[in-house]
Amino acid sequence: MFNLSFDLLKEEKVLDCAAGASSFTAIASKKGIKSTATDLLYCKDPATLQKIFKKDLSTLFRIHSGLEHKVNWGFFQNSEKMIKDRFNTFTNFINDYTKFKERYITAQLPYLPFNDNPFTLALSSHLLFLYDDRLNYQFHLDSIKEMLRVTSEVRIYPLISLRGDGKKSFFVNKIKKDIIPEGKIKILDVKYRFREGCNEMMCIKKME
Numbered sequence: 071m072f073n074l075s076f077d078l079l080k081e082e083k084v085l086d087c088a089a090g091a092s093s094f095t096a097i098a099s100k101k102g103i104k105s106t107a108t109d110l111l112y113c114k115d116p117a118t119l120q121k122i123f124k125k126d127l128s129t130l131f132r133i134h135s136g137l138e139h140k141v142n143w144g145f146f147q148n149s150e151k152m153i154k155d156r157f158n159t160f161t162n163f164i165n166d167y168t169k170f171k172e173r174y175i176t177a178q179l180p181y182l183p184f185n186d187n188p189f190t191l192a193l194s195s196h197l198l199f200l201y202d203d204r205l206n207y208q209f210h211l212d213s214i215k216e217m218l219r220v221t222s223e224v225r226i227y228p229l230i231s232l233r234g235d236g237k238k239s240f241f242v243n244k245i246k247k248d249i250i251p252e253g254k255i256k257i258l259d260v261k262y263r264f265r266e267g268c269n270e271m272m273c274i275k276k277m278e
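Structure follows, in structure tokens:
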């Protein structure tokens, strides 16, 4: 979803923000890539995370069962395969979380417990812009500035709002104006497709 390959990431130090049960850090680490994940949930033990995941998975299935017309099943093919993919993702995550807890840092945007510039790339998926009905604009601006503080490039996906019926969040254009002079923004197409309108990401490079 970020137009990345593991080969391109070999020299990067990656931060996955609000990563939740994402398996990115687990898989990247197995391939020799330096990756750290942050989430507020990482203060919890594996057994508790499994309970949370089962509840979230049930909710995910229930929500999408009525939204087939808004979903591009080209990536997952159907809802059953989507659930299977989510389960496999969680399995990779929880195994790595259990064995290598040091890769998973308890933190919540817009505050990251790192010094300036320890990473070269920060990723944030399915948080910013998507939930603009409950996360206000100041949260978005502060979160992006905080990610730029700890890295030289930030990538955010998707750019739509859940309440916008496949349309971009109103915050996208405001961020493009207000992030200057901290960062230079490009809106780029992505190959990953799932929800209607989720075909772009925001790439922000820190201004030197």
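To convert, count from 1 in the sequence shown and add 70; that's this note's numbering.
Ideal placement from N, C-alpha and C gives every residue a C-beta, glycine not left out.
| request: Would you mind listing the beta strand (DSSP E) stretches within the stretch 171 to 240 that are 3+ residues and don't spill past its ends, in chain order? | output: 174 to 176, 191 to 195, 223 to 227
| task | Starting from the Cα of residue 173, find the closest Cα among 270, 153, 261, 93 and give me that residue. | result | Taking only the C-alpha atoms, the option nearest residue 173 is 93.
| task | Under 8 Å by Cβ, that's how I've got residue 276 and residue 223 pegged, so tell me the actual separation to the nearest angstrom. | result | 7 Å
| task | Per DSSP, which residues does residue 242 bridge with? Please list them. | result | According to DSSP, which records beta bridges pairwise, residue 242 is partnered with nothing at all.
| message | Any contact between the stretch 234 to 242 and the stretch 197 to 210? By contact I mean 3 or more CB pairs, one from each, below 8 Å. | response | yes
| message | Please tell me whether residue 252 and residue 218 are closer than 8 Å, where the distance is taken between their beta carbons. | response | yes
| request: Output the distance between the C-alpha atoms of residue 189 and residue 167, rounded to the nearest integer angstrom. | output: 20 Å
| Between the CA atoms of residue 107 and residue 179 - distance to the nearest angstrom | 12 Å
| query | Would you report the Cα separation of residue 209 and residue 88, rounded to the nearest angstrom? | reply | 13 Å
| Identity of the residues DSSP links to residue 253 by a beta bridge | Per DSSP, 276.
| task | Please report the residue range of the alpha helix (DSSP H) in which residue 96 lies. | result | 94 to 100
| query | Is it true that the CB of residue 80 sits closer than 8 Å to the CB of residue 103? | reply | yes
| said: Do residue 230 and residue 268 count as a contact pair if the criterion is CB distance below 8 Å? | reply: yes
| said: What does the Cβ neighbour count give for residue 77, buried or exposed, with the cut at 16 atoms within 10 Å? | reply: Label assigned to residue 77: exposed.
| message | Let's see if you can read the secondary structure: which residues bound the beta strand (DSSP E) around residue 87? | response | 83 to 87
| said: Taking the alpha carbon of residue 176 as the reference point, which residue from 226, 113, 254, 100 has its own alpha carbon closest? | reply: 113
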